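Here is the structure we will look at.
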Amino acid sequence: MNLTEYFAKIGYKEPNHKADLKTLTELHEHHIRSIPFENLSIHCREKITLDLENIYNKLVRNKRGGWCYENNQLFSWVLKEIGYDVTYLGAKEPGLQPNCFESHLFIKVLIDGKPYIADVGYGIFWQIWQPLELISGKDQPQLPGVFRLDEDKGVWNLQKTGRRSDVPNESFGGSSLLANSLFKKVYSFTLVPRQIKDFTETSTFLQTSPESLFTNKSICSLQAATGFRALIGWTYCEVTYNYQEGVDLIDVSTVPDEEVEKVLEEKFGVVLENKLVSVNNKIHH
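Numbering (the UniProt record's numbering), first residue to last: 1 to 285.
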């Protein structure tokens, strides 16, 4: 881990980094705006590994992003280097994958004895922008919407309440990609610490199973100052949060196949070595 190289990658120019909430928040925001959430390796016939050195080279040096195992593992390494007390947690995602296993990896950070949730590896609408206090029943408003953690008998739920969406391109009005439900249970988890090896099987399943969201859709998303942009298959969208009071603006268009790689480079800073085969299948569970 070369912190200077990582800070340059995410555009973080605060050399006096202390292991406090302010630094954690700034790093979190810089990371999600600089390193995309993407699963394109699956659609370029590349294996996604859990090896930290490979992840570092891919995300910091090679103009790529990654999914939760990559983004959150890299971020955790950064935090440990700075001196934070960090634990991995695993979450189940309702409706996303077969719900019997923890498919999502994220981070618990302890600052002065107070626990926070950090997660730089979720993408699109459900990406938290700042760390959340690990406290039950408290609304925690951020620009994307109001996040809230609720605990019941040791099981925690992360929920988000969003806004109505305005989609000027009427041909996309009913698109499932637009996730325009106002309320969503994002994931559920316990506070049992996890290790990377706990996700080996899941990582393989998500890359190979025909049931997996990630084999059925090629996804790249990057948070921006006022919203986010995403490319799912050939569907490109730019979301502006709260562009009018209580309304998110969603600009959607279709990218011709021959322009996909150009859009990835210009809008996401992603450059692929191998040929991408875009995909966007409907999923039935």
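Ideal placement from N, C-alpha and C gives every residue a C-beta, glycine not left out. Just so you know, these numbers come straight off a predicted model, no measurement behind them.
Quick one: give me the first and last residue of the alpha helix (DSSP H) that residue i is part of.
| i | result |
| --- | --- |
| K222 | Per the sequence shown, residue 222 should be read as Leu rather than Lys. Looking at the DSSP string, L222 is not in any alpha helix (DSSP H); the run it does join, the beta strand (DSSP E), is I219 to Q223. |
| S34 | L21 to S34 |
| S253 | Taken as a continuous stretch (DSSP letters only), S253 belongs to no alpha helix (DSSP H), being part of the beta strand (DSSP E) at V247 to T254. |
| I10 | L3 to I10 |
| Y122 | Neither: Y122 is in no alpha helix (DSSP H) and is coded neither H nor E. |
| E258 | Looking at the DSSP string, E258 is not in any alpha helix (DSSP H), and its letter there is neither H nor E. |
| K275 | Segment: none, K275 is in no alpha helix (DSSP H) and carries neither H nor E. |
| K80 | C68 to I82 |
Excluding the 5 residues preceding and the 5 following residue i in the sequence, name in chain order all residues of the same chain whose CB lies nearer than 6 Å to its CB.
| i | result |
| --- | --- |
| K275 | none |
| C68 | H104, L105 and G121 |
| L21 | I111 |
| V255 | W234, Y236 and V263 |
| Q140 | L132 and F147 |
| I10 | H30, H31 and S34 |
| P193 | T87 |
| V277 | H43 |
| E170 | none |
Excluding the 5 residues preceding and the 5 following residue i in the sequence, name in chain order all residues of the same chain whose CB lies nearer than 8 Å to its CB.
| i | result |
| --- | --- |
| M1 | Y56, W77, V78 and E81 |
| D51 | none |
| Y84 | A19, L24, V109, L110 and I111 |
| E5 | V60 and R61 |
| V155 | S188, F189 and T190 |
Taking buried to mean at least 16 other C-beta atoms within 10 Å of its own C-beta, is residue i buried or exposed?
| i | result |
| --- | --- |
| R45 | exposed |
| F75 | buried |
| L59 | buried |
| D119 | buried |
| K108 | buried |
| R164 | exposed |
| F147 | buried |
| V252 | buried |
| K18 | exposed |
| R61 | exposed |
| L182 | exposed |
| V239 | buried |
| A230 | buried |
| S203 | buried |
| N39 | buried |
| V270 | buried |
| G123 | buried |
| E102 | buried |
| G246 | exposed |
| G65 | buried |
Please report the Cβ distance between residue i and residue j, rounded to the nearest whole angstrom; I am assuming they are in contact, meaning their Cβ atoms lie under 8 Å.
| i | j | result |
| --- | --- | --- |
| I232 | K217 | 6 Å |
| S41 | I32 | 19 Å between Cβ atoms; not a contact. |
| F37 | S209 | Wrong, their Cβ atoms sit about 20 Å apart, outside the cutoff. |
| G90 | F228 | Going by Cβ atoms, the distance from G90 to F228 rounds to 24 Å, so no, they are not a contact pair. |
| Y187 | E93 | 5 Å |
| W126 | L143 | Going by Cβ atoms, the distance from W126 to L143 rounds to 13 Å, so no, they are not a contact pair. |
| Q159 | K184 | 7 Å |
Span of the beta strand (DSSP E) holding residue i?
| i | result |
| --- | --- |
| F101 | Run containing F101: none; DSSP gives neither H nor E here. |
| I117 | K114 to A118 |
| K92 | D85 to K92 |
| Y236 | T235 to Q244 |
Tell me which residues share the same chain as residue i and place their Cβ nearer than 7 Å to its Cβ, disregarding the 5 neighbours each side in the sequence.
| i | result |
| --- | --- |
| Y243 | L249 |
| A224 | R33 |
| N72 | L105, F106, I107, D119, V120 and G121 |
| T161 | G145, V146, L182 and F183 |
| G137 | D150 |
| V279 | H43, N216, K217, S218 and G233 |
| K63 | G269, V270 and V271 |
Is there at least one non-hydrogen atom of the ligand PLP closer than 6 Å to the beta-carbon of residue i?
| i | result |
| --- | --- |
| E258 | Ligands are entirely absent from the displayed structure, and the ligand PLP is therefore not among its contents. |
Secondary structure, alpha helix (DSSP H): runs of 4+ residues fully inside the segment 183-232: 200-208 and 213-216
Contained alpha helix (DSSP H) runs [length at least 4] in the segment 136-177, N- to C-terminal order: none
Which runs of the beta strand (DSSP E), 3 residues or longer, sit entirely within the segment 35-62? none
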